[in-house]
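Sequential numbering of the sequence shown, starting at -13, is according to the numbering used here. Glycine included, every Cβ here is placed at the ideal spot set by N, Cα and C. Have a look at the structure below before the remarks.
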Amino acid sequence: METLTESTQKKHRRTAAKVIIDVIMSLLALTIVLAMVIGKYNGKPVFLFRHSCMWVITGSMEPTIEAQSYVLLKKSDGSDVKKGDVITFLCNKQGSQMYGKLVTHRVYDVTEGGSFLTKGDSIYSGVDDWTVAQSDVVGVYVKNLNALTFIGRLFFRGYGLILCIALFAFLCAFCYIPDIVAGIKEAQKEKEDKRRRQIDLLVKEEVERLKAENGNLTSDASADSQKKS
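Structural data, given as structure tokens:
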């Protein structure tokens, strides 16, 4: 039975390690995308490693945050929030059109009781007519996610989904086709090496057989010569 050479075993181990890494990275990317989609449709951010992506719909925070943009949030219980921070919070003022929804506004002031007065950055925004308790704070704004915003805006347009699927297919092809081609070449090489070894073995057996036959002929000739003498 044939055994794999040490170099072949190393190649197989490297290939297996690369496949495992690719699977882990793909699962991580899929988890992040699912978290973003779930958060967008549920209206509640899903935090991974204390961070989350939030889809901001309106332009009340322009020019800091444009309408229909993804931003990065860091999870917070409100205890570390200070004046000037941009926070995402749950509006609990009954009767407000934002009641029960997440709002992303800047902390305009902090009351003596530790609650927050908030205001949008837009020149058309005034101080909000509610106060935000620390317990209502969901997260603190970190930065805009321009690349995700671009993809998100495309995705939710008519042609965006098709474009995103095509881009995903292209990236998969770009990442995996070289590995597939390399695997095919490696399989062909191993098949050719096996065929070559079989040919070498057959040649060796044939040479041994011819040597044996030649030895027998030499012995027979020597015996005949002795008989004649």
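So who's on the other strand from residue i, going by DSSP bridges?
i	result
Cys77	Cys77 pairs with nothing; no bridge assigned.
Gly84	As written in the sequence, residue 84 is Met, which differs from the Gly given in the question. For Met84, which the question treats as bridged, DSSP gives no partner whatsoever.
Ser101	BP columns for Ser101 are empty, so no partner.
Ser46	Answer is none; Ser46 lacks a bridge partner.
Val189	The partner list for Val189 (beta bridge, DSSP) is empty, contrary to what the question assumes.
Lys61	Gly125
Arg92	Val72 and Lys105
Tyr110	Answer is none; Tyr110 lacks a bridge partner.
What do you reckon, are the CB atoms on residue i and residue j nearer than 9 Å?
i	j	result
Val89	Lys68	no
Val72	Tyr110	no
Cys77	Trp41	no
Lys129	Leu58	yes
Thr74	Val123	yes
Gln54	Gly138	yes
Asp63	Ser121	yes
Leu153	Cys39	no
Check the C-beta distance from residue i over to residue j and give it rounded, since I have them as a contact under 8 Å.
i	j	result
Tyr56	Leu131	4 Å
Lys60	His37	6 Å
Ser65	Ser108	Actually they are not in contact, since the Cβ atoms of Ser65 and Ser108 sit about 28 Å apart, beyond 8 Å.
Leu157	Leu149	Actually they are not in contact, since the Cβ atoms of Leu157 and Leu149 sit about 13 Å apart, beyond 8 Å.
Pro31	Gly125	6 Å
Quick one: residues in its chain with C-beta nearer than 7 Å to the C-beta of residue i, no 5 flanking neighbours on either side, listed in chain order?
i	result
Leu(-10)	Note that Leu(-10) has pLDDT 48, beneath the 50 cutoff, so the model's placement of it is unreliable and the number below is only indicative. If we look at Leu(-10) and ignore the five residues flanking it on each side, it has no Cβ neighbours.
Ile6	none
Grab me the residues of residue i's own chain with a C-beta within less than 8 Å of its C-beta, minus the 5 sequence neighbours each way, in chain order.
i	result
Arg97	Checking the sequence shown, residue 97 turns out to be Thr, not Arg. Hits under 8 Å: Leu103 and Thr117.
Keeping to the same chain, check which residues put their C-beta closer than 6 Å to that of residue i; ignore five residues upstream and five downstream.
i	result
Thr50	Asp107
Glu48	Ser108
#### Entry: Sequence ranges, beta strand (DSSP E) only - wholly within the segment 114 to 179, length at least 3
123 to 130
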